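Mapping of the sequence shown onto the UniProt record's numbering: residues 1 to 385, in sequence order.
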Amino acid sequence: MLNFTNKLVTKSLLFSYRPYLVKEGFKNLSTNTSRNIKRGTFRLGLTGITVGALVGTGYSIHYMNKPRAHILNEETTIAQVKDLPSIKPTRFVKNVEDKGLELTLYQYQTCPFCCKVRAFLDYYGISYNLVEVDPVLRQAIKWSPYRKVPILVAKTEDGYQPLIDSTMIVSALASYLFEDNKKDLPEIVKCFPSVSYVDDDGFKKNEIMNRYFIMLNNRKDLQAIEQKSSEERKWRKWADSVLVHTLSPNVYRTSEEALQSFNWFSDVGEWEANFPAWERYLMIYVGASAMWLIGKRLKKRHNLKDDVRQSLYDECNYWLRAVKSKGGQFMGGQTPNLADLAVYGVLSSIEGCLAFKDLLNNTKIGPWYFGMKKCISEHEGAKSI
């Protein structure tokens, strides 16, 4: 009986204490579990960071060390296209010559690179269609994988031959015009292949080879032409790589100048006639705001002086000293050469801006500039081809 009683008491005590034991047990279990979860989370996070760092470092090393030969010196030529979308030309420029060329220029009226191409075409009296491209939406060149202007398209027997890059366009057309035994334009375009390469930052870039060279094989005076061409190439490169970079920080120097410039772009480009009102306002106000901000960055990128006007004046004076050293009115002597046309084209893009008025007032560029304008308007180059 005693044993039974003891067992009964023990059992009763056990049942009476069970809630406490269960409670304490869960409490301890909860505390331990919480600690384990925190430790697990911390370890998991630490592991994730470590793995991420190792993977990231490994990938970076792999990327930096991986062979890039498959994209170095990747050469392509500009292919002909069978058809073009039906886009009504903004206007037709009828000059004295066509030389068997049917050309359409896709452009912004005040883009310095487009102005270079027009200066060449007008100087040599070549007729062409002109399509004004909306600089914001660029709908007129959606057909092209190349998304910059100018794009010049020449009609051929097999379709259309696009030409891209203003310098390449001028060199290809000059090669066509100046060669004694004419070649087809598509054959000449093959002399200007596009080569892909990886720059120091690991980005893929494209460069058009030979773009400053005139491709002549059958001229008797090749040696004399090459002597002149070397100096000509130097100044064409200068126009593209130095002079042109002084423009944007000057014409977009202040928000007021930026807006004035875009209103002039609208007038000279006939945006009111060529685009819907909403698109025109978008181009003017969004364009002016964006370029005012971009102009600040370009000033720093190209190491212009705090007074950006002075950088523009300095470069133009540098050009004028070189012209004077040649002893004639132009870099080409008594008649303009391709360097004259390049520099004129670049400067003509800002002719209606406040920066250009200041340039005329603070340098002696006027006689050369307006002499060039007269030669181009009278198609003086047509006499030499």
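Glycine is no exception: its CB is placed at the ideal position from the N, C-alpha and C atoms. Values in this document were obtained by computation on a predicted structure and should not be read as measured data.
- Leaving aside the five residues that flank residue 319 on each side, the residues in its chain whose CB is nearer than 7 Å to its CB run, in chain order, 343.
- Residue 186 places its beta carbon less than 8 Å from that of residue 161.
- Only residues of its own chain outside the window of five on either side were considered, and among them 315 have a CB closer than 8 Å to the CB of residue 242, listed in chain order.
- According to the DSSP assignment, residue 198 belongs to the beta strand (DSSP E) that extends over 194-198.
- In the structure shown, the three-state DSSP call for residue 347 is helix.
- A residue is called buried when at least 16 other Cβ atoms come within 10 angstroms of its Cβ; residue 381 meets this threshold and is buried.
- For residue 332, no pairing in a beta bridge is given by DSSP.
- Comparing C-alpha distances from residue 78 to each of 205, 215, 101 and 191 shows the shortest one belongs to 191.
- Residues 284 of the same chain have their beta carbon placed closer than 8 Å to that of residue 263, with the five preceding and five following residues left out of the count.
- Between residue 152 and residue 99, the C-beta gap is not smaller than 8 Å, which leaves the two residues out of contact.
- In the structure shown, residue 160 falls within a strand segment according to DSSP collapsed to helix, strand and coil.
- The beta carbons of residue 124 and residue 336 sit no closer together than 8 Å.
- Rounded to the nearest whole angstrom, the CA to CA distance from residue 173 to residue 313 is 31 Å.
- Contact check for residue 175 against residue 214 passes: the beta carbons are separated by less than 8 Å.
- Apart from sequence neighbours up to five positions away, the residues of its chain that approach residue 366 with a beta-carbon distance below 6 Å are 360, ordered along the chain.
- For residue 239, the secondary structure class from DSSP, reduced to helix, strand or coil, is helix.
- Nearest in C-alpha terms to residue 143, of all of 379, 295 and 106, is 106.
- For a cut-off of 8 Å, the C-beta gap from residue 244 to residue 112 is around 5 Å, short enough to register as a contact.
- The secondary-structure analysis by DSSP pairs residue 107 across a beta bridge with 132.
- If you draw a straight line from the Cα of residue 234 to the Cα of residue 168, it is about 15 Å long.
- Contact check for residue 286 and residue 136: beta-carbon distance about 6 Å, within the 8 Å limit, so the pair qualifies.
- With a 10 Å radius around the Cβ and a threshold of 16 neighbouring Cβ atoms, residue 121 comes out buried.
- Just measuring C-alpha positions, the residue of 130, 148 and 254 sitting nearest residue 138 is 148.
- Non-local C-beta neighbours of residue 355 in its own chain, meaning closer than 6 Å and more than five positions away in sequence, comprise 250 and 251, ordered along the chain.
- Taking 8 Å as the cut-off, the beta carbon of residue 291 is found no closer than this to the beta carbon of residue 348.
- Checking the DSSP bridge columns, you'll see residue 154 partnered with 103 and 161.
- In terms of CA proximity to residue 274, 88 leads the group 81, 82, 88 and 116.
- DSSP places residue 303 outside both helix and strand once states are collapsed to three, so it counts as coil.
- Note that the C-beta distance between residue 236 and residue 338 is below 8 Å.
- For residue 268, the enclosing alpha helix (DSSP H) has its first and last residue at 255-268.
- Looking at the DSSP output, residue 206 sits in a beta bridge with 196.
- Residue 333 is positioned such that its CB atom lies no closer than 8 Å to that of residue 324.
- A straight-line Cα-Cα distance of about 29 Å links residue 297 and residue 270.
- In the three-state scheme derived from DSSP, where H, G and I count as helix and E and B as strand, residue 126 is classed as strand.
- A residue is called buried once 16 or more other Cβ atoms fall within 10 Å of its Cβ, and residue 265 is buried on that count.
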